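Working notes for the structure below.
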Amino acid sequence: MNFLARKEDVVRLAESLMGNQQNIRNIGIVAHIDHGKCVSGNTRLYLGSGELVEAQQLFNQSAQGKPIKAGEKELVYDISEQNILAMSFDANSRQLTHQKITHAWKLKADKPLIKLTLSTGQIIETTPEHKFYGVDPQARVIQKTAEEIRENEFILAPKFIETDSFSLTELKNALLKKLESDESFLVRLNERNALNLKLEILTYGLERLRIGVGSRLANKSFYGGVYNGHYRLQDFMKTCTILGHEPYSLIETVYARQSLQQEGKSTLELRLPQNEYDFVELAYLLGLVWGDGGKSGRQIRITNEDPEIIQSIQKICMNLFGRKIQVRKYGSKATRMDLSLGLTFVKILATAFDLPLQNKAHSISIPSLIQRSDNPLLKAFLQGYFDTDGTVEKARSAVSISSVSPKMIADVQMALLRFSCMGTLIHSRNTVYISGSNVKEFTEKIGFRLTRKQEKALELVRRAESNRNTDRLPLAGKVLHEIRMKLGVPLNHYSKTQEAVERGLQGMYYNNFRSFIDGTYSFVGNPKIKDPQAWQEVQEIEKTFLDCRTPFVTRIEKTTHESVYDFTD
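Quick note: the sequence shown uses the numbering used here, first residue 7, plus one each step.
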C-alpha cells in the first residue's frame with residue numbers, strides 16, 4: 007500500500023484539487039515520498055516493473071550506484087543508470103505512471119516514526135511530515151501529514167495497479183540470466199543449431215572465443231562442447247553475446263551437474279517453455295508447488311488428494327517436459343506426486359524462481375520473475391496457490407488463504423491489486439480474506455481452476471455483502487441526496503436502500519454507490535433533468551470512488567528505527 011510519487015507533481019496536484027471539486031480524478035496513491043519524508047526499511051514498495059521490494063532491500067541494491075553523499079547521518083547514491091521505475095502520479099494525465107528513480111537515500115532517524123495500520127491490514131511506517139491523500143464526506147480530496155491523521159480517517163489508494171511487465175522475449179532472457187548465475191547449468195543445442203554455431207565459431211576461432219568468454223573449462227573440454235553442441239550456460243551466454251545471437255531460441259534442452267568441477271553423470275535434460283501458453287502452465291505448476299509441494303531428495307514432490315489437480319499436474323508435466331509423473335498412494339496418507347523432472351527442475355526452481363530448499367513453508371514468497379511477468383502468468387501462479395492453499399469460507403462469506411510465511415501472504419495481498427482485488431490481511435493469522443465486492447473481482451479476474459472451489463466462490467458472489475474494511479466509502483449520503491435533487495431523479499429510480507443511505511441510516515458502501523451511479527446513468531438524457539451541472543458532479547465523484555480504494559486508519563502508533571529511506575527522481 008506504499009507508493010512513490012514525484013514531489014513536484016503531488017504538490018501541484020494538491021493545490022489544484024483541494025479547492026476545486028471539478029478537478030477530482032483518478033487519485034491513485036496512498037502517499038508520496040520526497041527528501042525529508044521517509045519510510046522505514048521494512049516498508050514494501052511496488053515498483054513499476056511489478057516487483058515488490060522492501061525499502062532497505064531497494065537501497066542495498068542501490069549501493070551499486072554512484073555515491074553522492076557519505077556521512078554519519080546521510081548516505082546518498084545516484085542510481086539513474088539502474089533504470090528503476092516507481093509508481094507516481096502524473097498531474098497532467100491524472101493517472102498513475104512510472105517515474106524513474108534517480109537517487110536513493112538512507113538517513114539517520116532522529117525522531118520516532120508514525121505507524122499507521124489500515125483497515126485492510128496494511129501497515130505504513132513513515133516520518134511525521136510524510137503527506138497522504140484522503141477524502142472527506144463531501145467528496146473533497148484533502149491532504150494531511152502522517153502526524154495530522156486520526157483514527158477512522160480515510161486514505162485514497164489505487165484500485166488497480168498497472169505494471170510495465172516483461173514481454174515474452176524479456177521473460178525468456180531474464181530466465182536465462184537467472185540460470186546463468188549458477189555455474190552448474192549446461193545447455194544442449196539441436197543438431198542443426200549445433201552445426202551452424204560450430205561453423206561460425208571455427209571461423210571466429212576456437213581459442214579466441216574461449217579466451218573471449220573467459221571460460222573456466224580446459225581447452226579440450228571447451229572444444230569438445232563446441233563440436234558436440236553442448237555448453238556451460240555461462241559460456242554459451244557470452245558466446246552468443248560475442249557472435250550476436252539470441253541464445254534462448256538456440257537451446258534445445260537445459261540440464262545441470264552438481265558443480266563445475268563434478269564431471270560425472272548429468273541430471274535429466276529438460277525443455278524450456280517456448281511460448282506464453284507454456285509459461286502460463288509452468289506458472290500454475292509453480293503455484294501448486296508453492297502451496298503443496300517442495301524438494302524431496304532429488305525431486306520436486308506435490309502432496310494433494312484432489313483428482314482434478316492430479317490430472318492437471320500429469321498434463322502439464324507431459325506437455326511441457328514430456329515426462330510422466332509418479333503417483334503414489336500409501337494407505338490413508340495423502341497422494342504423493344513425484345514430478346520425475348530430477349535435480350535439473352529442483353535447481354531451476356531454486357535458481358530462477360527463488361524456491362527455498364530448506365524451511366520452505368516459512369520462507370516462500372512470490373518469485374520475482376512471476377512478479378515481473380504480465381498478468382496471465384501472475385494469474386496462473388495465484389490460481390495454483392489458491393487451488394492448493396485457498397479456501398472458500400461460507401461462514402465468513404470470504405475466500406481466504408493462509409501461509410506461515412509472512413512475506414508470502416503480504417505478496418499475495420499486494421499482487422491481488424493488479425486485478426482490482428483488495429484482500430484484508432489479518433497479521434495474527436497470516437491470512438488474507440477476500441470478501442464483499444472483491445469476491446466478484448477475484449472470481450472474474452483470477453478465480454480457481456479447481457472446479458469445486460470456483461463453484462463455491464461463485465455462490466459467494468451471488469450472496470455477497472459489503473465488507474466494512476474494503477468497501478466502505480467516506481461519502482455522506484446527503485451529498486448523493488443533493489445531487490439527485492439537482493438532477494430531478496425520482497427516488498424510486500434507485501434501489502430500495504437509497505433513501506436509508508441518503509438519510510444516513512445506512513452506511514455508504516461500494517455497492518450503494520455503484521447502485522446510485524447505475525440508476526443515475528439510466529436517467530441521463532431524460533428531459534426532466536433540472537441541473538446539467540449536477541451530472542458533471544456525478545462523473546467527477548464516480549472517477550474518485552470507482553477508481554480508488556478508501557481504506558481507513560484503524561490504529562496509530564509511534565515506532566523507532568535507526569534509519570529511514572527515501573527514493574526520489
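Just so you know, even glycine gets a beta-carbon here, dropped at the ideal spot from N, CA and C. Given the structure is predicted, the values throughout are model-derived calculations rather than measurements.
| said: Do Leu481 and Ala152 have their beta-carbon atoms positioned less than 8 Å apart in this structure? | reply: Contact flag unset, no.
| Is it right to say Arg222 is buried, meaning 16 or more other beta carbons lie within 10 angstroms of its own, or is it exposed? | Label assigned to Arg222: exposed.
| If you count every other CB in all the chains shown that lies within 10 Å of the CB of Tyr261, and 16 or more means buried, which is it? | Classification of Tyr261: buried, given that the 10 Å Cβ count is 16 or more.
| query | Is DSSP giving Gln542 helix, strand or coil here? | reply | Gln542: helix per DSSP, three-state reduction.
| task | Check each candidate in Glu465, Lys385 and Gln364 and name the one with the smallest Cα separation from Glu399. | result | The shortest C-alpha separation from Glu399 is found at Glu465.
| request: Consult DSSP for Val467 and reduce its assignment to one of helix, strand or coil. | output: When secondary structure is reduced to three states using DSSP, Val467 falls in the helix class.
| said: Tell me the rounded alpha-carbon separation between Ser426 and Ile407. | reply: So the alpha carbons of these two residues sit roughly 17 Å apart.
| message | Using the Cβ count rule (16 or more neighbours within 10 Å means buried), how would you classify Thr556? | response | Buried is the call here.
| request: Determine the contact status of Leu113 and Glu131, defining contact as a CB-CB distance below 8 Å. | output: No; because the gap between Cβ atoms is not below 8 Å, this pair is not in contact.
| request: Measure the beta-carbon distance from Asp344 to Ile331 and round it to whole angstroms, keeping in mind my assumption that it falls under 8 Å. | output: Asp344 to Ile331, Cβ: 6 Å. Contact.
| query | Which residue comes first and which comes last in the beta strand (DSSP E) that contains Ser227? | reply | Run containing Ser227: none in the beta strand (DSSP E); it sits in the alpha helix (DSSP H), Asn225 to Asn234.
| So Glu287 packs on Leu256, CB below 8 Å; how close in whole Å? | Rounded, the Cβ-Cβ distance is 23 Å, inconsistent with contact.
| query | Between which two residues does the alpha helix (DSSP H) containing Ala110 stretch? | reply | In the DSSP assignment, Ala110 falls outside any alpha helix (DSSP H) and lies within the beta strand (DSSP E) extending over His109 to Lys114.
| query | DSSP on Gln28, reduced to helix/strand/coil? | reply | Note that Gln28 scores 36 on pLDDT, short of 50, meaning its location in the model is unreliable; the coordinates nonetheless yield the value given after this. DSSP places Gln28 in helix when its eight states are reduced to three.
| query | Taking contact to mean at least 3 C-beta pairs separated by less than 8 Å, is the region 164-173 in contact with the region 54-62? | reply | With three or more CB-CB distances shorter than 8 Å, the region 164-173 counts as touching the region 54-62.
| task | In angstroms with no decimal places, state the Cα-to-Cα distance between Gln320 and Gln240. | result | A direct Cα-Cα distance of roughly 32 Å separates Gln320 from Gln240.
| query | Cα separation between Asp395 and Phe454? | reply | Taking the straight line from one Cα to the other gives about 11 Å.
| query | What number of angstroms, rounded off, separates the C-alpha of Gly525 from the C-alpha of Arg490? | reply | Roughly 10 Å between the two C-alpha positions.
| Bridge partners - Thr104, DSSP secondary structure assignment | Rather than Thr, the amino acid found at residue 104 in this sequence is His. Residue pairing for His104: DSSP places it in a beta bridge opposite Met93.
| task | Going by CA-CA distance only, name the one from Trp111, Gly429, His487 and Gly390 that's closest to Gly77. | result | Nearest C-alpha to Gly77: Trp111.
| Under the three-state reduction of DSSP, which class applies to Arg455: helix, strand or coil? | DSSP places Arg455 in coil when its eight states are reduced to three.
| Three-way DSSP call (helix, strand, coil) for Ser411 in this model | Coil.
| query | Would DSSP call Val495 helix, strand or coil? | reply | For Val495, the secondary structure class from DSSP, reduced to helix, strand or coil, is coil.
| What is the rounded straight-line gap between the Cα of Asn365 and the Cα of Gly300? | Asn365 and Gly300: Cα-Cα distance of roughly 10 Å.
| How do the region 553-572 and the region 489-503 stand: do at least 3 beta-carbon pairs fall below 8 Å, yes or no? | Segments in contact, no.
| request: List the residues that DSSP assigns as beta-bridge partners of Ile120. | output: According to DSSP, Ile120 bridges with Thr132 and Lys564.
| said: Within 8 Å, do at least three Cβ pairs link the region 272-282 to the region 217-233? | reply: Not touching, per the Cβ criterion.
| query | By a C-beta neighbour count over all protein chains shown, 10 Å radius and 16 as the cutoff for buried, is Thr49 buried or exposed? | reply | The residue is buried, with at least 16 neighbouring Cβ atoms inside 10 Å.
| said: Could you give the first and the last residue of the continuous alpha helix (DSSP H) run that contains Lys339? | reply: Neither: Lys339 is in no alpha helix (DSSP H) and is coded neither H nor E.
| said: Let's test the definition: count the other Cβ atoms within 10 Å of the Cβ of Thr449 and tell me whether it reaches 16, buried, or not, exposed. | reply: Per the 10 Å Cβ criterion, buried.
| field | Pro73 - DSSP class collapsed to helix/strand/coil | value | Pro73 falls in the strand class under three-state DSSP.
| field | Reference Ala190; option with closest CA among Gly442, Ala356 and Leu388 | value | One detail in the question is off: residue 190 reads as Ser in this sequence, not Ala. For Ser190, the nearest C-alpha among the options comes from Ala356.
| request: Return helix, strand or coil for Ala404, following the three-state DSSP convention. | output: In the three-state reduction of the DSSP assignment, Ala404 falls in the strand class, which pools E and B.
| message | Within the continuous beta strand (DSSP E) that includes Ala262, where are the two ends? | response | Element bounds for Ala262: Ile257 to Ala262.
| query | Using the rule of at least 16 other Cβ atoms within 10 Å of the residue's Cβ for burial, across every protein chain shown, is His136 buried or exposed? | reply | For His136, the number of other beta carbons within 10 angstroms of its own is at least 16, and it is reported as buried.
| Quick one: what does DSSP say Phe573 is sitting in, helix, strand or coil? | Strand.
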